[in-house]
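This report concerns only the one structure given below.
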Amino acid sequence: MSDSKITVVIPHLNQHDMLARCLASLQDGTRQADEVIVVDNGSAEMPHAVCDTYGATLLREETPGPGPARNFGVANSSNDILAFIDADCLADPLWLEAAHDAMSDPAAQILGGDVRIALVDPARITVLEAYESIYAYRMDKYIAKEGFTGTGNLVVRRPVLEAVGPFAGLSVAEDKDWGQRATAMGYEIRYVAGMKAYHPARETFSQLRAKWDRHIAHEFVERRGGLRSKVIWLAKTGALLVSPLAEIPKILFSDRIAGAGSGIKAWIGLVAIRSYRAGVMAKLSLTRDPGALSGRWNRPKA
């Protein structure tokens, strides 16, 4: 497998500067991509100049959503190993080398990597950066416990992708949907710690709330049912309110942040977002209408 070629597919929507940083990080890698395809998903202005600068192929997919954008990129790609990263992410210099090494094992089918927070200023970490450093993008846990990994740091063999089928659109959480379809078919997702990508923390709590609106709405639709489902939903709502106390040791001993100040900020963020989540879930238990959350949960995200 030493001569296996890799295509990197990147969905993009109105993030020209971030896309440039992403492509630059790929170019700085110890292992170069054999093909890079950027699929624009409806930007006000196509990123022609950015893609030309870094030698990336630029395509356009009109169907909203990163899933359809990835599908179109795959359909126009040439190689047997497909690597996916998001336009707002940075690839670690060893990202593709780690992926290539892992795929040298013929039994490797699907890889999920470590997603860390890209700190703007490590000396002045924000509350959201501290919180998301510990609690966001925990692909190791998603793979081990839920049978999926994020599509923003995913590597897969083409025959496996073709067997599992395309990524879904905006009606579901497309990374969870695709990964769980794959594991249900018997495919193994391997966690590769050295396959690191860096994602910026959200800048405001409103952005984080919008993310949870989407996830809670998806989960509510999946769990909608009879009395048992309602009881489980209410129990989870109550547990969220008290859970930050149980998380203190995890924060204290986390290797994903440094210093007591960062730990305090992480806990403040945890209390704020879990209180919000509990409130949204309580509202849903009364309204039974996921569309009543905010109207933001089904908007395109690429």
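First residue of the sequence shown: -10, per our numbering; consecutive thereafter. Even for Gly, the Cβ is constructed at its ideal location relative to N, Cα and C.
Straight-line spacing of the CA atoms in M7 and G215 works out to 45 angstroms. Bounds of the beta strand (DSSP E) holding L47 are 46 to 49. Taking the Cα positions, E135 is about 11 angstroms away from R127.
When DSSP assignments are scanned along the stretch 118 to 200, the uninterrupted stretches of alpha helix (DSSP H) that are 4 or more residues long and fall wholly within it turn out to be 147 to 153, 163 to 173.
The beta-carbon separation of V116 and K254, rounded to 5 angstroms, stays under the 8 angstroms limit for a contact. Inclusion of R147 and D69 in the CB contact set at 7 angstroms is warranted, their separation being smaller than that value. D103 and K185 do touch by the CB rule: their CB atoms are close to 5 angstroms apart, below 8 angstroms.
Going by DSSP, P0 is part of the beta strand (DSSP E) stretching over -5 to 1. Between G183 and A80, the C-beta spacing is not below 7 angstroms. Y265 and G252 have their alpha carbons spaced roughly 20 angstroms apart. Around the beta carbon of M270, 16 or more other beta carbons lie within 10 angstroms, which makes this residue buried.
In chain order, G54, P55, G56, T140, F156, A157 place their CB closer than 8 angstroms to the CB of E163, counting only its own chain and leaving out the 5 sequence neighbours on each side.
Annotation for A267: T226, G227, L229, L230 place their beta carbon closer than 8 angstroms to its own, counting only its chain and skipping 5 residues before and after.
Looking at the DSSP output, L8 sits in no beta bridge, so it has no partner there.
Scanning the stretch 50 to 95 from its first residue to its last, the whole alpha helix (DSSP H) runs of 4-plus residues come out as 55 to 64, 84 to 91. By the 16-neighbour rule on beta-carbons within 10 angstroms, D17 is exposed.
Scanning its chain for C-beta atoms nearer than 6 angstroms, with the 5 sequence neighbours on each side dropped, one finds around W256 the residues I240, in chain order.
Within its own chain, the residues whose Cβ lies closer than 6 angstroms to the Cβ of I132, once the five positions on either side in sequence are excluded, are G101, T138, I178, Y180, listed in chain order.
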